[in-house]
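Structure record follows, encoded as structure tokens.
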Amino acid sequence: MPAAFSIARRTTGRPGGDIAPRLRLFSVAFVALNAACALTRVVGQTASAVPADYASYAAEHRGDADRGQKLFADGGRALCSTCHSVDRTHRGAGPDLFAIGDKFDRAGLIRAVLEPSRDIAVGYGATVVLTVDGLSHVGVVQRATDDWIELIDDQGKTIRVPHEEIDESFPRDTSLMPEGLQSNLSVEEFADLIAYLQSLRQADDEAAAGARTEIPPAATPVELTSLFDDGVQIELPTWCGQVPDHPGWFLALEQFGKSWLIERRADGDRQQPFLDLSEKVRRGGATGLLGFAFHPQFPADRRYFVKYQRVENGQLVTVVEQGLFAEDALAESGQARKLLLDMPGVTQDHNGGCLEFGPDGMLYVGMGDTGPQRDPRGHGQNLDTLLGKILRIDVDGATGDRPYAVPADNPFVGRQGARPEIWAYGFREPWRFTFDRATGELWVGDVGQDQYEEVDLVGGGENQGWNVFEGHAPFSDQYRREGEVYVSPVLSYSRRLGVSVTGGYVYRGARAQSMVGWYVFADFESRRIWAMPARRDGGAEAIEIGRCESRVSSFMQDLAGELYAVGFDSGKIYHLDLATVDRRPLAMIAMADTAEQGAVLWRYTQDAPEEDWPAIDYDDADWRLAPGGFGTAGTPGAVVRTDWRTDDVWLRREFTLAADVDQRSRLFLRLHHDEEAVVYLNGREICSVGGWTSGYQDIPLDETARRQLRAGRNVLAVHCRQHGGGQYIDAGIVSYETAQ
Numbered sequence: 031m032p033a034a035f036s037i038a039r040r041t042t043g044r045p046g047g048d049i050a051p052r053l054r055l056f057s058v059a060f061v062a063l064n065a066a067c068a069l070t071r072v073v074g075q076t077a078s079a080v081p082a083d084y085a086s087y088a089a090e091h092r093g094d095a096d097r098g099q100k101l102f103a104d105g106g107r108a109l110c111s112t113c114h115s116v117d118r119t120h121r122g123a124g125p126d127l128f129a130i131g132d133k134f135d136r137a138g139l140i141r142a143v144l145e146p147s148r149d150i151a152v153g154y155g156a157t158v159v160l161t162v163d164g165l166s167h168v169g170v171v172q173r174a175t176d177d178w179i180e181l182i183d184d185q186g187k188t189i190r191v192p193h194e195e196i197d198e199s200f201p202r203d204t205s206l207m208p209e210g211l212q213s214n215l216s217v218e219e220f221a222d223l224i225a226y227l228q229s230l231r232q233a234d235d236e237a238a239a240g241a242r243t244e245i246p247p248a249a250t251p252v253e254l255t256s257l258f259d260d261g262v263q264i265e266l267p268t269w270c271g272q273v274p275d276h277p278g279w280f281l282a283l284e285q286f287g288k289s290w291l292i293e294r295r296a297d298g299d300r301q302q303p304f305l306d307l308s309e310k311v312r313r314g315g316a317t318g319l320l321g322f323a324f325h326p327q328f329p330a331d332r333r334y335f336v337k338y339q340r341v342e343n344g345q346l347v348t349v350v351e352q353g354l355f356a357e358d359a360l361a362e363s364g365q366a367r368k369l370l371l372d373m374p375g376v377t378q379d380h381n382g383g384c385l386e387f388g389p390d391g392m393l394y395v396g397m398g399d400t401g402p403q404r405d406p407r408g409h410g411q412n413l414d415t416l417l418g419k420i421l422r423i424d425v426d427g428a429t430g431d432r433p434y435a436v437p438a439d440n441p442f443v444g445r446q447g448a449r450p451e452i453w454a455y456g457f458r459e460p461w462r463f464t465f466d467r468a469t470g471e472l473w474v475g476d477v478g479q480d481q482y483e484e485v486d487l488v489g490g491g492e493n494q495g496w497n498v499f500e501g502h503a504p505f506s507d508q509y510r511r512e513g514e515v516y517v518s519p520v521l522s523y524s525r526r527l528g529v530s531v532t533g534g535y536v537y538r539g540a541r542a543q544s545m546v547g548w549y550v551f552a553d554f555e556s557r558r559i560w561a562m563p564a565r566r567d568g569g570a571e572a573i574e575i576g577r578c579e580s581r582v583s584s585f586m587q588d589l590a591g592e593l594y595a596v597g598f599d600s601g602k603i604y605h606l607d608l609a610t611v612d613r614r615p616l617a618m619i620a621m622a623d624t625a626e627q628g629a630v631l632w633r634y635t636q637d638a639p640e641e642d643w644p645a646i647d648y649d650d651a652d653w654r655l656a657p658g659g660f661g662t663a664g665t666p667g668a669v670v671r672t673d674w675r676t677d678d679v680w681l682r683r684e685f686t687l688a689a690d691v692d693q694r695s696r697l698f699l700r701l702h703h704d705e706e707a708v709v710y711l712n713g714r715e716i717c718s719v720g721g722w723t724s725g726y727q728d729i730p731l732d733e734t735a736r737r738q739l740r741a742g743r744n745v746l747a748v749h750c751r752q753h754g755g756g757q758y759i760d761a762g763i764v765s766y767e768t769a770q
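According to this note's numbering, the residues represented by the sequence shown are 31 to 770, in order.
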């Protein structure tokens with residue numbers, strides 16, 4: 031591939047001498063700089079709050095989003111706007127925080143600010159560049175050409191270094207954002223800042239045509255049970271598969287390089303080491319031990335194939351290697367592995383994670399664009415690089431000096447300026463893809479930039495669109511070509527539903543006949559699990575079939591065609607009992623609308639009323655009339671139609687039912703409150719809650735509450751009390767019915 035950001039050490043003409051002392055000096059200087067910055071921020075504080083104080087206060091106090099927005103923009107205090115934008119312009123060294131409130135819950139936002147190096151955002155790992163004349167630079171890679179690399183540092187300064195001046199360059203495991211940034215804020219101000227970040231969400235009206243902003247839940251969800259007993263311990267699993275011809279045996283990969291053979295046994299499951307690459311695998315971000323495949327003729331052919339990232343001479347490289355099982359096919363042979371592919375990347379991210387053999391016996395290899403963010407070099411559209419592609423190679427042959435053969439029917443064989451290994455292109459991060467056992471069709475989950483995730487049905491030679499398109503939405507014209515055909519995804523979904531798609535499988539098992547032919551997939555961050563018909567137009571019928579307790583890094587299909595989810599956080603492999611799913615989508619029917627449906631008029635007062643104010647016949651004629659919801663702009667998940675800033679507000683509204691309620695209906699109080707709320711229905715208290723919500727939530731109505739509903743006139747009354755920060759209140763009554 032072109033030189034593109036080479037992070038390799040120069041092998042000749044190195045006047046810099048031994049690199050180790052310079053690295054030590056750089057490390058000491060960087061730590062000292064961070065400490066000095068943190069110390070400077072602490073000076074002048076009246077309180078000596080530690081990170082735990084900030085975390086606990088922000089967890090218990092909502093904060094004010096308006097005040098938080100001002101703090102965010104204050105470059106002299108919170109310093110957020112120095113590195114982060116919020117409008118998808120990607121100014122600065124940090125990730126753009128557009129819709130960050132959809133990506134993380136409140137606890138996740140608090141953790142991200144207080145522990146910036148714990149989970150560095152994909153695409154924003156720092157890179158260290160040491161020059162031949164002794165200079166040291168650290169920043170996030172913004173652009174790279176054959177001639178130079180461009181970094182942006184933590185002050186927003188752009189640094190361009192010609193390749194001939196680079197002595198050493200390597201990724202760094204700590205965030206460019208130093209710890210201690212909260213020290214310049216009071217705990218109250220920190221809560222305000224978190225409130226602002228939580229308010230940054232993608233609006234439904236911003237979604238592109240064809241993109242889903244809502245996917246209805248199934249009438250009955252899937253049941254998830256652990257495949258292995260508690261004696262099996264897997265740390266951050268990225269992949270799991272059943273060993274062919276050995277139904278009781280499984281193989282699991284860990285992100286940081288270890289892999290395990292696991293046997294299910296009546297007397298207790300057992301695991302044993304298979305391959306330990308922990309000394310080779312590059313840890314951090316989206317890198318690690320990510321992909322595995324058995325040879326399609328296994329165990330007659332004992333070869334296996336593994337994909338991971340490592341650092342070679344300072345450069346991050348994605349490799350695909352061929353190894354060999356022992357003769358009993360239940361252990362690694364210990365023989366040297368054979369290198370098949372060696373693909374240098376631009377940054378440490380978007381390296382793809384998937385290896386799959388197709389029904390044609392060819393090995394398909396997923397490779398992301400490798401960054402930087404937004405693919406500024408157009409790797410996805412460039413046929414002269416393997417980046418941003420799905421590759422197809424023949425591991426049973428060899429061509430020239432390649433340790434594999436290129437199939438003669440690959441779509442770009444013989445095309446000038448195109449790599450013959452390419453099967454399809456226009457991908458950002460094809461993290462997981464699989465073949466339908468029945469049809470041979472290739473289904474791909476491609477991780478999006480900052481607005482949409484997508485699921486693709488991919489054919490040979492097709493262009494899936496990145497970075498001209500993100501999902502169904504136009505993204506950039508920089509690499510658009512006249513007359514090019516860009517294939518639209520089967521499904522794309524907005525940040526409201528999730529931020530990192532995990533591709534799955536088309537179900538072909540025997541246990542759940544109603545789910546045969548449905549594609550099952552998930553979102554890594556939101557933990558939602560979905561299913562849709564495995565057709566080009568199947569996205570319109572997608573349903574949510576459940577949510578996993580853990581983020582889902584991958585799916586597994588066993589020898590019988592049953593499906594499993596790989597729990598990244600929990601270390602568990604979950605069996606999906608799809609036979610429990612009732613596919614009929616649940617539709618929300620509003621019996622008493624909320625502000626989500628439109629302007630709903632309420633009577634309200636901010637002065638304490640008489641004791642009998644919730645009664646159905648209470649005279650509220652002298653109360654003011656205004657549309658709900660009530661609160662302050664910027665409150666997460668709120669639809670503010672009337673400004674409310676006092677400590678208390680009392681609300682009343684009428685709604686009419688045409689008939690008595692069917693007692694078999696699933697009825698809910700739909701409520702979004704900040705903070706304490708007491709709700710009455712026809713004069714009887716039906717709900718009392720404290721704290722706050724980040725969006726509308728459904729609270730089941732018990733039998734006592736259900737009996738209050740009647741044909742004709744009904745009255746919903748609410749008292750909300752606010753203690754500080756942002757505020758909001760809105761309520762309604764809804765039911766969920768299945769489509770007949």
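For every residue, glycine included, the Cβ atom is placed at its ideal position computed from N, Cα and C. It should be emphasised that the depicted structure is a prediction, and the values quoted were computed from it without experimental measurement.
{"query": "Per DSSP, cross-strand counterpart(s) of T157", "result": "G169 and P201"}
{"query": "Counterpart residues of W178 in DSSP-defined beta bridges", "result": "P192"}
{"query": "Spatial distance of A85 from S580 (CA atoms)", "result": "22 Å"}
{"query": "Three or more C-beta pairs below 8 Å linking the stretch 516 to 529 and the stretch 547 to 554", "result": "yes"}
{"query": "Under the three-state DSSP convention, the category Y710 falls into", "result": "strand"}
{"query": "First and last residue of the uninterrupted alpha helix (DSSP H) at P81", "result": "P81 to E90"}
{"query": "Of the residues D260, W290 and V252, the one placed nearest P834, counting alpha carbons only", "result": "The structure shown does not extend to residue 834, since the chain is modelled only from 31 through 770, so no value can be given for it."}
{"query": "L215 vs L101 beta-carbon contact at 8 Å", "result": "yes"}
{"query": "Burial state of R558 (16 or more Cβ within 10 Å)", "result": "buried"}
{"query": "Alpha carbon of A137 to alpha carbon of M562, nearest angstrom", "result": "31 Å"}
{"query": "8 Å Cβ cutoff met for Q757 and T662", "result": "yes"}
{"query": "Residues bridged to N493 [DSSP beta-bridge criterion]", "result": "Y455 and Y516"}
{"query": "Backbone CA spacing between L109 and D379 [nearest angstrom]", "result": "26 Å"}
{"query": "Per DSSP, the bridge partner or partners of N744", "result": "F685"}
{"query": "Inter-residue Cα distance where the pair is G501 and R118", "result": "16 Å"}
{"query": "Unbroken alpha helix (DSSP H) run spanning E218, endpoints", "result": "V217 to S229"}
{"query": "Residue burial classification, K187 (beta-carbon count within 10 angstroms, cutoff 16)", "result": "exposed"}
{"query": "Cα-Cα separation, R751 to E705", "result": "6 Å"}
{"query": "Assigned secondary structure, T532 (DSSP; H/G/I helix, E/B strand, else coil)", "result": "strand"}
{"query": "Where the alpha helix (DSSP H) containing L144 begins and where it ends", "result": "R136 to L144"}
{"query": "Helix, strand or coil at I150 [DSSP, three-state]", "result": "coil"}
{"query": "Which of helix, strand or coil DSSP assigns to Q543", "result": "helix"}
{"query": "Sub-8 Å separation of V395 and V443 beta-carbons", "result": "no"}
{"query": "Cβ contact (3+ pairs, closer than 8 Å) linking the stretch 635 to 649 and the stretch 708 to 716", "result": "yes"}
{"query": "Between the CA atoms of Y434 and V425 - distance to the nearest angstrom", "result": "5 Å"}
{"query": "Integer-rounded CB distance, given that A241 should sit under 8 Å from A503", "result": "7 Å"}
{"query": "Buried versus exposed, by CB contacts within 10 Å (16 or more), V80", "result": "exposed"}
{"query": "As assigned by DSSP and simplified to three states, the class of P666", "result": "coil"}
{"query": "Beta-carbon separation (whole angstroms), R683 vs L631, contact threshold 8 Å", "result": "7 Å"}
{"query": "For V171, the nearest candidate out of A123, V143, L165 and W722 (CA to CA)", "result": "A123"}
{"query": "Those residues which DSSP pairs with W269 across a bridge", "result": "L283"}
{"query": "Per DSSP, cross-strand counterpart(s) of E342", "result": "Q345"}
{"query": "Where F102 sits in the DSSP three-state scheme", "result": "helix"}
{"query": "Sequence-distant residues of its chain with Cβ nearer than 7 Å to V262 (five each side left out)", "result": "I292, D299 and Q301"}
{"query": "Unbroken beta strand (DSSP E) run spanning G762, endpoints", "result": "Y758 to T768"}
{"query": "C-beta contact flag for M373 and M397 at 8 Å", "result": "yes"}
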